[in-house]
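Student:
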Amino acid sequence: MKSSVRTAESGECQDLAYNVFARSCPSRGTLEHVTGRWGALTLGALHEGSLRFNELRRRVDGVSEKMLSQTLHALERDGLVRRDAQPTNPPRVDYELTPLGRDVAERLMTLIQFVEGRMDDVLDARQRYDETRGAL
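Going left to right, the sequence shown walks through residues 1360 to 1495 as our numbering numbers them.
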């Protein structure tokens, strides 16, 4: 994909291909949001359907309120998560994946299922490593 980027030095626009390996590419930040521990788990949990904040916090075991809030804000800003605040008393806020978020989560779930399916191999490798190099 191409993007138009205004350079800080000259102020001119340049057409650049997105390149996650380039430090200044905006795709890098989105990749970090998606593949970070809490981002990946949040997207995976929302892949199952819409959840309220506390439901999501319980589903993503171990995440603090602060980290979940920051994660949701980042994913919402990237267009992956939709926040739906309903004017009720008490207020009700639901989170769900956008169409883009669903596409990302589908790919992420394939990776999650692959990793879960190969954990016996990973655990065996860890054991061999620890036996030959000593546990850290």
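Yeah, the Cβ is synthetic: ideal placement off N, Cα and C, and Gly gets one too.
Please report how far the alpha carbon of A1484 lies from the alpha carbon of L1467, in whole angstroms.
Tutor: A1484 and L1467: Cα-Cα distance of roughly 23 Å.
Student: Looking only at its chain, what residues have a beta carbon closer than 8 Å to the beta carbon of M1360, apart from the 5 residues adjacent to it on each side?
Tutor: Caution applies to M1360, whose pLDDT of 48 falls short of 50 and renders its modelled position unreliable; the value that the coordinates give is listed next. So the list reads A1376, Y1377, once near-sequence residues are dropped.
Student: With L1410 and R1418 assumed to form a contact (beta carbons below 8 Å), what rounded beta-carbon distance in angstroms separates them?
Tutor: Contact holds; Cβ gap of about 7 Å.
Student: Can you tell me whether A1433 is buried or exposed, with buried defined as 16 or more other CB within 10 angstroms of its CB?
Tutor: A1433 is buried by the Cβ-count criterion.
Student: Considering only the beta carbon of each residue, do G1438 and L1459 sit closer than 8 Å?
Tutor: In this structure, L1459 lies closer than 8 Å to G1438 by Cβ.
Student: Rounded to the nearest angstrom, what separates A1444 and Q1486 at their Cα positions?
Tutor: Their backbone Cα atoms lie some 48 Å apart in a straight line.
Student: In whole angstroms, give me the CA-to-CA distance for G1388 and D1479.
Tutor: Answer to the nearest angstrom: the Cα atoms are 32 Å apart.
Student: Express the C-alpha separation of E1414 and P1449 in angstroms, rounding to a whole number.
Tutor: So the two alpha carbons sit approximately 16 Å from each other.
Student: Exposed or buried, which one is L1470 when buried takes at least 16 other CB atoms within 10 Å?
Tutor: It is exposed - the Cβ of L1470 has fewer than 16 other Cβ atoms within 10 Å.
Student: Could you check which residue in V1481, T1447, G1403 has the C-alpha nearest to that of D1496?
Tutor: In the structure displayed, the chain extends from 1360 to 1495; residue 1496 sits before or after that span and is not available.
Student: In the DSSP assignment, what residue or residues form a beta bridge with D1453?
Tutor: Paired residue(s): R1411, D1443.
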